[in-house]
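Visitor: Note that our numbering has the sequence shown beginning at 38, numbered continuously upward. For glycine and all other residues, C-beta sits at the position ideal for the given N, C-alpha and C.
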Amino acid sequence: MPKTLHGRLILVLLLLIIPLGVIFVLTTLTTSRQYYREITQQLNAPLAESLSQQRPDLMVGKDVNQNEFGDLAHDLAMTNPGVEVYVLNIDGTIIGSSVELADLEQSKVDLQPIIKFINEPSYPILGANPRSQNAKKIFSAAKLPHDDGYLYVLLADYQKDSVIRTVQTSTTLRLAMWSVILALLLVLAGGVLVFNLLTRRLRNLELAMSKFKENNFILDKPLLAITDSPKDEIDQLANVFSDMSLKVSEHVTGLKELDSLRRELITNVSHDLRTPLAALNGYLETLALKEASLSSQERIKYLAAAQKNSTRLKRLIEDLFDLSRLDAKAVKANFEAFPIQELVQDIIMKFKAIADKKNVKLSLISDDNMDFVNADIGLIERLITNLLDNAIRHTASGGEVKLSLRQKGKLVNIAVADTGVGIEQDVLKHIFERFYRASKERDTEGSGLGLAISKRIIALHNQEIKVTSEVGKGSVFS
Numbered sequence: 038m039p040k041t042l043h044g045r046l047i048l049v050l051l052l053l054i055i056p057l058g059v060i061f062v063l064t065t066l067t068t069s070r071q072y073y074r075e076i077t078q079q080l081n082a083p084l085a086e087s088l089s090q091q092r093p094d095l096m097v098g099k100d101v102n103q104n105e106f107g108d109l110a111h112d113l114a115m116t117n118p119g120v121e122v123y124v125l126n127i128d129g130t131i132i133g134s135s136v137e138l139a140d141l142e143q144s145k146v147d148l149q150p151i152i153k154f155i156n157e158p159s160y161p162i163l164g165a166n167p168r169s170q171n172a173k174k175i176f177s178a179a180k181l182p183h184d185d186g187y188l189y190v191l192l193a194d195y196q197k198d199s200v201i202r203t204v205q206t207s208t209t210l211r212l213a214m215w216s217v218i219l220a221l222l223l224v225l226a227g228g229v230l231v232f233n234l235l236t237r238r239l240r241n242l243e244l245a246m247s248k249f250k251e252n253n254f255i256l257d258k259p260l261l262a263i264t265d266s267p268k269d270e271i272d273q274l275a276n277v278f279s280d281m282s283l284k285v286s287e288h289v290t291g292l293k294e295l296d297s298l299r300r301e302l303i304t305n306v307s308h309d310l311r312t313p314l315a316a317l318n319g320y321l322e323t324l325a326l327k328e329a330s331l332s333s334q335e336r337i338k339y340l341a342a343a344q345k346n347s348t349r350l351k352r353l354i355e356d357l358f359d360l361s362r363l364d365a366k367a368v369k370a371n372f373e374a375f376p377i378q379e380l381v382q383d384i385i386m387k388f389k390a391i392a393d394k395k396n397v398k399l400s401l402i403s404d405d406n407m408d409f410v411n412a413d414i415g416l417i418e419r420l421i422t423n424l425l426d427n428a429i430r431h432t433a434s435g436g437e438v439k440l441s442l443r444q445k446g447k448l449v450n451i452a453v454a455d456t457g458v459g460i461e462q463d464v465l466k467h468i469f470e471r472f473y474r475a476s477k478e479r480d481t482e483g484s485g486l487g488l489a490i491s492k493r494i495i496a497l498h499n500q501e502i503k504v505t506s507e508v509g510k511g512s513v514f515s
């Protein structure tokens, strides 16, 4: 059994063509023999009647005139070699034969075919062959004068010839045989060519799949061009593979990036957790070891520093926990209508002291008489808090942070703009990606997870967050 589809298709074609060729040849031989019998019997149908009329003295009473019959048999053998002639009485018994009686296997002939031949001829009609128990042959028959019996003439038949001899002796059959062989060879050659054209695209598809596997399911460029108007199932399969391979490549690349970012996250989080823990532990050890020698002001200073690191550590842990819950979709937005302006003003008041301490101008720009918004007030507060905290921390002394509210139909656009350091373009495209957090925030007081949390809060409200930034001039989150 061939291992390739191309080979199997050719094998199937051969298994179809060879039996068809054999059937055609056998059918041709059978029909040609049948046609020969029909034509031969039809052309020689009057023979027995003609012989009976030419030999009116063939019968003497109920017996055969042997002299007349011998002359008849001799003349017939000279003009029609292979023809046998018999005289039958009214019940079919052979009373005269051109063949030696010792060579006969039947002494009586079935009269039904003879009567049918005389009354209702429908060629070919086969009659009994006295020289064989089972063989049938075409014949000519006629009633003898005075209803004394029947003249039964067996015609020459090539039924006993072999197939090879039949073909060899017939120009027409030889021509038909060669025509059939040539036609079958042409069909086979055409089938091989068509199968090669069909399987060539499958081979190209198989090569593309193998290459895709060798490249560890990552593509630098498409392996197969997508056909806009597929002609058949092979084109459709190629299109499906092309689309699937691109998606698989994207997913595999994304998983590798996620794995790399996950490792980087673990490193960064470990560092961010270790720093406040080490500082907290250091201050507490100092207080424990030098309690007697420390002044009250020094104790207050060390406790304040320990509390600051403890607060930072708590915030980092809370952010990690909140982000993990958002990633796991364990947080559901509780939508309700509330005045967004009042919420924002409360948040501004909370950050006013922080901004003043850093000498950063904090302002609010809002449309008048804004509609209530339908959102989760707690999550929106967390969103605005994260954005403001991020903006103030990245804005130098003397800078400015603006929070604006604009009515956009039934929606409200929230934008936080700062005059901080800005964000580089290669970092900007990753700023909201999962695991791409805290990598640039080690030297800041924030957890570095606020923007990732903000993106997921916006996603819970079926909206999106965008950022524009220019290094040295600031950023706008909206």
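(1) Can residue 453 and residue 465 be called in contact, C-beta distance under 7 Å?
(2) Distance, Cα to Cα, residue 379 vs residue 444?
(3) Enumerated in chain order, which unbroken segments of the beta strand (DSSP E) with a length of 3 residues or greater are wholly contained in the region 81-128?
(4) Below 7 Å CB to CB, which residues in the same chain sit around residue 169 once its five sequence neighbours on both sides are set aside?
(5) Are the region 407-417 and the region 374-389 touching, with three or more C-beta to C-beta distances below 8 Å?
(6) Mind pulling the beta strand (DSSP E) runs of 3 or more residues that sit fully within the region 337-382?
(7) How big is the Cα-Cα spacing for residue 260 and residue 287?
(8) Taking the alpha carbon of residue 376 as the reference point, which residue from 397, 368, 351, 411 has its own alpha carbon closest?
(9) In or out: residue 279 buried (at least 16 other Cβ within 10 Å) or exposed?
(10) How many whole angstroms separate the CB atoms of residue 188 and residue 69, which I take to be in contact at a CB cut-off of 8 Å?
(11) Would you kindly work out how many angstroms separate the C-alpha atoms of residue 599 and residue 86, rounded to a whole number?
(12) Let's test the definition: count the other Cβ atoms within 10 Å of the Cβ of residue 313 and tell me whether it reaches 16, buried, or not, exposed.
(13) With distance defined between alpha-carbon atoms, name the residue in 242, 369, 127 nearest to residue 499.
(14) Go ahead and label residue 299 buried or exposed: buried means 16 or more other beta carbons lie within 10 angstroms of its beta carbon, across all protein chains shown.
(15) Output needed for residue 398: all residues of its chain with C-beta closer than 8 Å, excluding positions within five of it in sequence on either side, in chain order.
(16) If you check the beta carbons only, do residue 508 and residue 459 fall under 7 Å apart?
(17) What is the residue span of the beta strand (DSSP E) that residue 260 lies within?
(18) If you follow the beta strand (DSSP E) that residue 465 is part of, which residue opens it and which one closes it?
(19) Taking contact to mean at least 3 C-beta pairs separated by less than 8 Å, is the region 52-59 in contact with the region 218-232?
(20) Can you tell me where the alpha helix (DSSP H) holding residue 425 begins and where it ends?
(21) Start and end of the beta strand (DSSP E) containing residue 511?
(22) Which word fits residue 197, buried or exposed, when buried means at least 16 other C-beta atoms lie within 10 angstroms of its C-beta?
(23) Which stretch, first to last residue, makes up the beta strand (DSSP E) that contains residue 132?
(24) How big is the Cα-Cα spacing for residue 135 and residue 172?
(25) Can you name the start and end residues of the alpha helix (DSSP H) that residue 149 belongs to?
(26) Nearest by alpha-carbon distance to residue 126: which of 100, 109, 488, 139 is it?
(27) For residue 150, verify whether its CB is less than 6 Å away from any heavy atom of the ligand ZN.
(28) Per the contact definition of three or more C-beta pairs closer than 8 Å, is the region 207-216 in contact with the region 108-121?
(29) For the 8 Å Cβ check, are there 3 or more pairs between the region 154-167 and the region 217-224?
(30) Buried or exposed: which applies to residue 480, given that a residue is buried once 16 or more other Cβ atoms fall within 10 Å of its Cβ?
(31) Can you check DSSP and say which residues form a bridge with residue 190?
(32) Is residue 145 helix, strand or coil when you go by DSSP?
(33) Taking its Cβ as the centre, do 16 or more other Cβ atoms sit within 10 Å of residue 39, making it buried, or is it exposed?
(34) Could you give the DSSP three-state label for residue 397: helix, strand or coil?
(35) Report all residues from its chain with a CB closer than 7 Å to the CB of residue 450; omit the five preceding and five following residues, and keep chain order.
(36) For residue 396, which residues from the same chain have a beta carbon less than 7 Å from its beta carbon, with the 5 sequence-adjacent residues on both sides left out?
Guide: In short, the structure shows the following:
(1) As a position in the sequence shown, residue 453 is number 416, starting the count at 1. As a position in the sequence shown, residue 465 is number 428, starting the count at 1. No, the pair does not count as a contact, with Cβ atoms beyond the cut-off.
(2) Taking the sequence shown and counting its residues from 1, the one referred to as residue 379 is at position 342. Taking the sequence shown and counting its residues from 1, the one referred to as residue 444 is at position 407. Straight-line Cα distance between these residues: approximately 15 Å.
(3) Whole beta strand (DSSP E) segments, 3+ residues: 121-125.
(4) Within the sequence shown, residue 169 is the residue found at index 132, counting from 1. Excluding sequence neighbours, residue 169 sits near 142.
(5) yes
(6) 373-375
(7) Translated into the one-based positions of the sequence shown, residue 260 becomes position 223. Translated into the one-based positions of the sequence shown, residue 287 becomes position 250. If you take the alpha carbons of residue 260 and residue 287, they lie about 14 Å apart.
(8) Position 339 of the sequence shown, counted from the first residue, corresponds to residue 376. When only C-alpha atoms are compared, the closest one is 411.
(9) Here residue 279 corresponds to residue number 242 of the sequence shown, with the count starting at 1. Residue environment: residue 279 is assigned as buried (16 or more neighbouring CB atoms within 10 Å of its CB, all protein chains considered).
(10) As a working note, residue 188 is residue 151 in the sequence shown. As a working note, residue 69 is residue 32 in the sequence shown. Contact between residue 188 and residue 69 fails: their C-beta atoms lie close to 29 Å from each other, not under 8 Å.
(11) Past the edges of the chain, shown from 38 to 515, lies residue 599, and the structure says nothing about it.
(12) Position 276 of the sequence shown holds residue 313. The residue in question, residue 313, is buried, as its Cβ has 16 or more Cβ neighbours within 10 Å.
(13) As a first step, residue 499 is located in the sequence shown; it is residue number 462 there, counting from the start. Residue 369 is the option with its Cα nearest to residue 499.
(14) Sequence index remark: in the sequence shown, residue 299 carries index 262 (1-based). The residue is exposed, with fewer than 16 neighbouring Cβ atoms inside 10 Å.
(15) Taking the first residue of the sequence shown as 1, we reach residue 398 at position 361. Same-chain partners within the cutoff: 392, 436, 437, 438.
(16) Sequence index remark: in the sequence shown, residue 508 carries index 471 (1-based). Sequence index remark: in the sequence shown, residue 459 carries index 422 (1-based). Yes, they are a contact pair.
(17) Locating residue 260 in the sequence shown gives position 223, counting from the first residue. Where residue 260 is concerned, there is no enclosing beta strand (DSSP E), given that its DSSP letter is neither H nor E.
(18) Working through the sequence shown from its first residue, we reach residue 465 at position 428. Counting along the chain, residue 465 falls outside any beta strand (DSSP E), though it belongs to the alpha helix (DSSP H) covering 462-465.
(19) Three or more Cβ pairs drawn from the region 52-59 and the region 218-232 lie within less than 8 Å of each other, which places the two stretches in contact.
(20) The residue given as residue 425 occupies position 388 in the sequence shown. Counting along the chain, the alpha helix (DSSP H) containing residue 425 begins and ends at 414-430.
(21) The sequence position of residue 511 within the sequence shown is 474, counting from 1. Its beta strand (DSSP E) spans residues 511-514.
(22) Position 160 of the sequence shown, counting from 1, holds the residue named residue 197. Annotation note: pLDDT 48 at residue 197 (below 50); position unreliable, no value reported.
(23) The sequence position of residue 132 within the sequence shown is 95, counting from 1. Segment 131-134, the beta strand (DSSP E) holding residue 132.
(24) For this step, residue 135 is matched to residue 98 along the sequence shown. For this step, residue 172 is matched to residue 135 along the sequence shown. Straight-line Cα distance between these residues: approximately 18 Å.
(25) As a position in the sequence shown, residue 149 is number 112, starting the count at 1. That run of the alpha helix (DSSP H) goes 149-156.
(26) As a working note, residue 126 is residue 89 in the sequence shown. Comparing Cα positions, the closest option is 100.
(27) Because no ligand of any kind appears in the structure shown, any question about the ligand ZN cannot be addressed here.
(28) no
(29) no
(30) Position 443 of the sequence shown, counting from 1, holds the residue named residue 480. Low confidence applies here, because residue 480 scores a pLDDT of 46, under 50, leaving its location unreliable; read the following figure in that light. Exposed.
(31) Mapped onto the sequence shown, residue 190 falls at position 153. BP columns for residue 190 point to 122, 177.
(32) Stepping through the sequence shown from its first residue, residue 145 is reached at position 108. The answer is strand: DSSP assigns residue 145 an E or B state.
(33) Along the sequence shown, one-based indexing puts residue 39 at 2. When all chains shown are included, residue 39 counts as exposed.
(34) To locate residue 397, count along the sequence shown from 1; it is residue 360. Coil at residue 397, not helix or strand.
(35) Within the sequence shown, the letter at position 413 stands for residue 450. Cβ within range, chain order: 443, 515.
(36) Here residue 396 is taken as the residue at index 359 of the sequence shown, counted from 1. So the qualifying residues of the chain are 434, 435.
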